[in-house]
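Structure first, commentary second.
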Amino acid sequence: MSRALLTRRRTLRSGACHLGKFLSLAKSPCVICVLCSLWFHPALNSLSGASENHARNSETVDGRSQRAEKPADYAGAHVMEQIAEELEALHKLSKDALVRVRAQTPIGILNGTGFLIDDQGHIVTASSLLPEGGEVAVEYNGPEVSAHVVGIDRPSSVALLKAPLADVKYLKFRQGVAIQAGTAVVILGFPFHGDSSPLFTLASGQDRALPDGRMLCASHLRMNIPLTPGMIGSPLLDTRGSVSGIVTGTAAEGRLTYALPTPALRRVLADLQEFGRVRRGWIGVELEERRSLETGRPLMLVTKIYPNTPAEEYGILPGDVIVSLDGREIHDRFDMIEAAFHTRVGSQVPVLVLRDGQELVFHITIVERPDDVPFVESRPAQGLSRAVYQAAP
21 MSRALLTRRR TLRSGACHLG KFLSLAKSPC VICVLCSLWF HPALNSLSGA SENHARNSET
81 VDGRSQRAEK PADYAGAHVM EQIAEELEAL HKLSKDALVR VRAQTPIGIL NGTGFLIDDQ
141 GHIVTASSLL PEGGEVAVEY NGPEVSAHVV GIDRPSSVAL LKAPLADVKY LKFRQGVAIQ
201 AGTAVVILGF PFHGDSSPLF TLASGQDRAL PDGRMLCASH LRMNIPLTPG MIGSPLLDTR
261 GSVSGIVTGT AAEGRLTYAL PTPALRRVLA DLQEFGRVRR GWIGVELEER RSLETGRPLM
321 LVTKIYPNTP AEEYGILPGD VIVSLDGREI HDRFDMIEAA FHTRVGSQVP VLVLRDGQEL
381 VFHITIVERP DDVPFVESRP AQGLSRAVYQ AAP
């Protein structure tokens, strides 16, 4: 027996031993442990290499090389089957909370996905599906019914609907640590006119601006995959079926998919439910991004104080450098936009500034920012590309 074949058999035994442990993990709702174990474990990754080496070094019969056949009980197949089973279980667990959303527009019917968040018929979807003044209908376990628009927030691409639905199932929001890059996620929606379907992928990163430089209203999760038409507005689920965000659109000619994470989504929904719109927080300053002459790092400089605002009342001055807002460190305009996004009107937050080399803390009550006042001197993003399915009216 050749040395290559002996090496391959030892590798298979080692891989099977580790897979026994990994498959026991797969019985839990968390699929990522199994997937990562299969993907990165050296004993498993060496299976294909050992097989190829054996094939190259095998003896020839009648001048022809004899390729080693993959064993019928190939260890990786069991893991992939387990992943498929877990994905299907997650789909069955969550699909009854999905709602198909249709909106009548001048160019035809826009189709997308929404999801229920309570037993009162509140539905979250993407605002790009909803034209101004258009009719909106939803389909949930039966014929279409008209839906009432509770509120729309274009900057975050989120809309909240309410429909007269009974005996509904709804999804719960993820608690605790937010989704990080490299985490397994599942997009669950209605591709084209088909039935609900899960899309398994990884969160590739968090972006605060689109590839073309346009700023987002808050950090978005990025998935390096195209989005099937009809799945705009889909929930982004973690491997336990909790909502980790909402799919808001695509960028880079459809090659990237973006989702607003749950912490930002819940902040938007809180305002939409209470006021029908999102009230943006403000302290009454105009900011400009500069470079520190000492370190060369960016900083946010106060260039103007608006009259009759909290900043004037509490004593912030032009020339002050904003160091932190409500405990969030501020280094550039992206940090400032992110921090301001999460501050709610009426709350009192600490604002740390640097003035003449000294740090000062002001406890300022947040007010609503006027629509005609820019928060930072930069052109904001006008929204993400829509990934919707257009049908004839």
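Residue numbering for the sequence shown follows my numbering, beginning at 21 and increasing consecutively.
Just so you know, even glycine gets a beta-carbon here, dropped at the ideal spot from N, CA and C.
Source: prediction; values computed, not measured.
| request: Assign HIS240 to one of three DSSP states: helix, strand, or coil. | output: Per DSSP, reduced to three states, the secondary structure at HIS240 is strand.
| Can you tell which of GLY153, LEU191, GLN226, SER344 has its C-alpha closest to the C-alpha of GLY134? | Of the candidates GLY153, LEU191, GLN226, SER344, the one whose C-alpha sits nearest the C-alpha of GLY134 is LEU191.
| request: With distances taken Cα to Cα, identify the nearest neighbour of LEU374 among GLY339, PRO231, GLY162. | output: It is GLY339 whose Cα lies nearest to the Cα of LEU374.
| said: Given a cut-off of 8 Å on the beta-carbon distance, is the pair GLN293 and VAL169 in contact? | reply: Contact: no.
| said: Let me confirm a value: GLY202 is counted as buried when at least 16 other C-beta atoms fall within 10 Å, else exposed. Which label applies? | reply: Result: exposed.
| field | LEU337 in three-state terms, based on DSSP | value | LEU337 sits in coil when the DSSP states are folded into three classes, being neither helix nor strand.
| request: Taking the CB atoms as reference points, tell me whether ALA146 and ALA183 lie closer together than 8 Å. | output: Inclusion of ALA146 and ALA183 in the CB contact set at 8 Å is not warranted, their separation being larger than that value.
| said: Beta-carbon within less than 6 Å of ILE384's beta-carbon, same chain only, minus the 5 sequence neighbours each way: which residues are those? | reply: Sequence-distant Cβ neighbours of ILE384 in its own chain, meaning closer than 6 Å and more than five residues away, are ILE303, PRO330, TYR334, VAL371.
| request: With GLU155 as the anchor, note down where its alpha helix (DSSP H) starts and where it stops. | output: First-last for GLU155: undefined, no H or E at that position.
| Sub-8 Å separation of GLY209 and SER114 beta-carbons | No, the Cβ-Cβ distance between GLY209 and SER114 is not below 8 Å.
| task | Can you tell me which of the three DSSP states THR282 falls into? | result | Looking at THR282 - three-state DSSP - the assignment turns out to be helix.
| Hey, quick one: how far does the beta strand (DSSP E) through ILE384 stretch, first residue to last? | Residues 378-385.
| said: For the pair the segment 313-330 and the segment 274-290, tell me if three or more CB-CB distances fall below 8 Å. | reply: Taking a contact to require three or more Cβ pairs closer than 8 Å, the segment 313-330 and the segment 274-290 do not qualify as touching.
| query | From VAL267 to ASP376, what distance separates their C-alpha atoms? | reply | Straight-line Cα distance between these residues: approximately 45 Å.
| said: On the CB-based measure, 16 or more other CB atoms within 10 Å of its CB, does ILE127 come out buried or exposed? | reply: Counting Cβ neighbours within 10 Å, ILE127 comes out exposed, since fewer than 16 surround it.
| Between GLU388, ILE350, PHE354, PRO211, which lies nearest to HIS240 when the distance is taken from Cα to Cα? | If we check each option's Cα against that of HIS240, PHE354 comes out closest.
| request: Answer yes or no: does any C-beta atom of chain C fall closer than 8 Å to that of ARG275? | output: The structure shown contains no chain C; it is built from a single protein chain.
| said: Looking only at its chain, what residues have a beta carbon closer than 6 Å to the beta carbon of PHE382, apart from the 5 residues adjacent to it on each side? | reply: So the qualifying residues of the chain are TYR334, VAL371.
| query | If we count the other Cβ atoms within 10 Å of its Cβ and call it buried at 16 or more, is ILE386 buried or exposed? | reply | Answer is buried; the Cβ neighbour count reaches 16.
| Distance between beta carbons of THR259 and ALA204, contact taken as under 8 Å | Confirmed, about 5 Å.
| field | Proximity winner among PRO231, SER367, THR277, LEU181, relative to ALA223 (alpha-carbon distances) | value | Nearest C-alpha to ALA223: THR277.
| Does the distance from the CB of LEU118 to the CB of SER216 come in under 8 Å? | Going by C-beta atoms, LEU118 is nearer than 8 Å to SER216.
| field | Pick from ARG389, VAL341, LEU257 that is closest to GLU379, judged by C-alpha positions | value | It is VAL341 whose Cα lies nearest to the Cα of GLU379.
| query | Of all the options ARG287, GLY296, ASP173, which has the alpha carbon lying nearest to the alpha carbon of HIS362? | reply | The option with the nearest alpha carbon to HIS362 is ARG287.
| message | Using a 10 Å radius around the Cβ and a threshold of 16 neighbouring Cβ atoms, would you call VAL298 buried or exposed? | response | Its Cβ being crowded by 16 or more others within 10 Å, VAL298 is buried.
| Continuous beta strand (DSSP E) assignments of at least 3 residues falling wholly in the segment 94-140 | Fully enclosed beta strand (DSSP E) runs of 3 or longer: 118-125, 128-136.
| query | Using a Cβ-Cβ cut-off of 8 Å (strictly less than) and excluding sequence neighbours within five positions of LEU332, which residues of its own chain qualify? | reply | The sequence shown places Glu at residue 332, not Leu. When the five nearest sequence neighbours on each side are left out, the beta carbons in the same chain lying within less than 8 Å of the beta carbon of GLU332 are those of GLY304, ILE325, TYR326, in order along the chain.
| Taking buried to mean at least 16 other C-beta atoms within 10 Å of its own C-beta, is ALA7 buried or exposed? | Coverage of the chain is limited to positions 21 through 413, which leaves residue 7 absent and any answer about it impossible.
| query | Can you give the Cα-Cα distance for SER367 and GLN102, rounded to whole angstroms? | reply | Approximately 48 Å, taken between the alpha carbons.
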